[in-house]
Amino acid sequence: MRHGRPAPIRPSEITPKEVWLDRRRFLQASAAAAAAAGVAWPADEARAQQLIQPLAAPRNGAFQVKDELTPKKLVTTYNNFYEFGTGKGDPAENAGALKVRPWTIEIAGAVEKPMTIGIEDLLKLPLEERVYRFRCVEAWSMVVPWVGFEFNKLAAMVNPTSRAKYVKFVTAEQKDTMTGLRIPFIDFPYVEGLRIDEAMHPLTLMTVGLYGETLPNQNGAPVRLIVPWKYGFKSGKSIVRIEFVEEPPKTTWMLAGPSEYGFYSNVNPNVDHPRWSQKRERVLPGLFASRQTEMFNGYAEQVASLYAGMDLKTNF
Ligand code: MTE
6 MRHGRPAPIR PSEITPKEVW LDRRRFLQAS AAAAAAAGVA WPADEARAQQ
56 LIQPLAAPRN GAFQVKDELT PKKLVTTYNN FYEFGTGKGD PAENAGALKV
106 RPWTIEIAGA VEKPMTIGIE DLLKLPLEER VYRFRCVEAW SMVVPWVGFE
156 FNKLAAMVNP TSRAKYVKFV TAEQKDTMTG LRIPFIDFPY VEGLRIDEAM
206 HPLTLMTVGL YGETLPNQNG APVRLIVPWK YGFKSGKSIV RIEFVEEPPK
256 TTWMLAGPSE YGFYSNVNPN VDHPRWSQKR ERVLPGLFAS RQTEMFNGYA
306 EQVASLYAGM DLKTNF
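At position 16 of the sequence shown the residue is numbered 21 (my numbering), and the sequence of numbers has no breaks.
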């Protein structure tokens, strides 16, 4: 473990044990195969691809969190991005290779005006900074100044039709740069989904930066989603395709562990994960579950009405 890092959550805590054991055997085998084939990632190209630039965006004071910001160093080195490995430090170490230019998002499905939009055009949209609490299903949280724009602004460009009931987010699958794609228990590309009203909610942020700069690759460059009232895994990284659909999309984590990860995945201290409590959380860089988890991660006032009348124990 690196100096000053909180103890990592073992992958065995987030996946069924038999899958985890299988994966370990697989990783050992694939590491040996890669070594035998002499695979190496060109470090210079990797650095050049990072393209981190200052991204000035006025802070929107309506979105604040009482706790202090999580240090940038931790936000950018303690990550989940399975395409680059399952360890918390793997994405920062390996995602430099991700090719983030050229980059487009294809927007399709139940829309009147399907389109493909380039990252340069997304970066020209009016951006704002919002401080959100970000709560991982692994019972830790961070407080991060994200830079982005509301997803509904993007939706307005394509005019969703009345058949658009859900939104599917498909993320990049780069076979030549992503070192973790062959984890046996996960289907790539990584897919996430929201109900249309969740996607259109003003809190749902298409995110292109953090801490006043463009996103580092390990945090989902060049564009990702942030849905602050849901567990972090709903916030897909490095999005390449957005589809407006009639049925709930089959999401990566639901396919990997249907009894553990539901479609909604709203932060809810009253519904435990089958293998651990969600009542409290570690506020990183803290080491202890010192904070009581709030309903909808503290955003109940804004989003509880989306779920009026629903049983959130069955719709977890
Ligand atoms: N997106 C992709 N494409 N691949 C992933 O493995 N992990 C998710 C989410 N988005 C993931 C992803 C999970 S489990 C979490 S907690 C957050 O990204 C972590 O975001 P962060 O590393 O910026 O904190």
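Virtual Cβ for every residue (Gly too), placed ideally from N, Cα, C.
Where are the alpha helix (DSSP H) runs, 4 residues long or more, that stay fully inside the stretch 143-204, in chain order?
156-163
If we call anything under 7 Å between Cβ atoms a contact, is Thr109 one with Glu197?
no
I need the straight-line Cα distance from Ala330 to Gly262, nearest angstrom please.
Outside the shown range of the chain (6 to 321) lies residue 330, about which nothing can therefore be said.
Would you say the beta carbon of Lys173 comes nearer than 6 Å to a heavy atom of the ligand MTE?
no
With a threshold of 16 other CB atoms inside 10 Å of the CB of Asp277, please say whether the residue is buried or exposed.
exposed
According to the neighbour-count rule (16 or more other Cβ atoms, all chains shown, within 10 Å of its Cβ), is Asn164 buried or exposed?
exposed
The ligand COA and Asn99: does any heavy atom of the ligand fall closer than 6 Å to the residue's C-beta?
Because the ligand COA does not appear in the structure shown, any question about it cannot be addressed here, the ligands present being the ligand MTE.
Compare the beta carbon distance of Phe154 and Leu128 with 7 Å and say whether it is the shorter of the two.
no
Secondary structure of Phe139, DSSP reduced to three states
strand
Would you please state the rounded distance, in angstroms, between the beta carbons of Thr81 and Ala97? I believe it to be under 8 Å.
6 Å
Looking at Ala160 and Glu248, is the spacing between their C-beta atoms short of 7 Å?
no
If I measure Cβ to Cβ from Pro207 and keep anything under 6 Å in the same chain, skipping five residues before and after, which residues do I get?
Glu155
Rounded separation between Lys158 and Met205 - CA only:
9 Å
Grouping DSSP H, G and I as helix and E and B as strand, with all else coil, what is Gln365?
Here the chain comprises residues numbered 6 to 321, so residue 365 is not present and cannot be evaluated.
What separation, rounded to the nearest whole angstrom, lies between the Cα atoms of Gly66 and Thr209?
16 Å
At a cut-off of 6 Å, is Tyr195 close to the ligand MTE when judged by its beta-carbon and the heavy atoms of the ligand?
yes
Using only the alpha-carbon positions, how far apart do Lys118 and Asn273 sit?
37 Å
Hey, is Gly198 close to the ligand MTE, as in C-beta under 6 Å from one of its heavy atoms?
no
Here's the rule: buried if 16 or more other CB atoms are within 10 angstroms of the residue's CB, otherwise exposed. What is Asn338?
Any question about residue 338 goes unanswered here, given that the chain covers just 6 to 321.
Residue range of the alpha helix (DSSP H) that Ala97 falls in?
Asp95 to Asn99
Measuring only from the beta carbon, is Lys242 closer than 6 Å to any heavy atom that is part of the ligand MTE?
yes
Bridge partners for Thr308 per DSSP, in chain order?
Residue identity check: residue 308 is Val in the sequence provided, not Thr. The partner list for Val308 (beta bridge, DSSP) is empty, contrary to what the question assumes.
When the Cβ atoms of the stretch 85-103 are set against those of the stretch 167-186, are three or more pairs found closer than 8 Å?
yes
With a Cβ-Cβ cutoff of 7 Å, do Trp151 and Ile57 count as a contact?
no
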